[in-house]
Amino acid sequence: MKKITNQDQKGFTLIELMIVIAIIGILAAIAIPQFSNYRMRAFNSAVISDLKNTSLAEEAYYNDYKSYTKDRTKLPGNYASEGVVHVANASDKGYTLIGYHPSGNKTFTLIGPGGSITSN
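Laid out in structure tokens, this is it:
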């Protein structure tokens with residue numbers, strides 16, 4: 001009886017394929033949580049940026065009217081990022097801005113004039 005073998009066979013064995021799939025799974029398990037953290041930090045940064053811009057707009061409004069406003073539509077050049085919420089409490093003495101992004105993990109507060117941004 002003659003044994004038939006083909007020396008020209010090319011391809012991967014089942015073990016080699018399973019090792020490659022396992023390595024891809026390990027890399028995905030590491031990369032996906034990191035990607036989620038980067039996105040969350042980006043959303044939080046958008047909130048901080050929008051709070052700073054709103055603060056500048058409040059100061060510009062104060063220079064014109066000698067009072068701060070609760071109505072964000074009256075603030076010159078104030079355009080918030082999509083999904084970012086600002087709640088402004090204002091008087092002639094100062095203002096409080098609160099912002100958060102639904103996909104972020106922090107709420108930020110800015111008390112003005114000249115205040116710094118704090119996170120809750």
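Numbering (my numbering), first residue to last: 1 to 120.
Backbone N, C-alpha and C fix where the C-beta goes; we use that ideal spot for every residue, glycine too.
- Taking C-beta separations shorter than 6 Å and ignoring five residues to either side along the sequence, the partners of I111 in its chain run T96, following chain order.
- The residue from N37, F43, S91 and S81 with its alpha-carbon nearest to that of E58 is S91.
- DSSP places S55 inside the alpha helix (DSSP H), whose first and last residues are L14 to Y65.
- Taking all protein chains in view, the Cβ of A46 is crowded by 16 or more other Cβ atoms within 10 Å, so the residue is classified as buried.
- Contact annotation: the region 40-55 touches the region 73-86, with at least three C-beta pairs closer than 8 Å.
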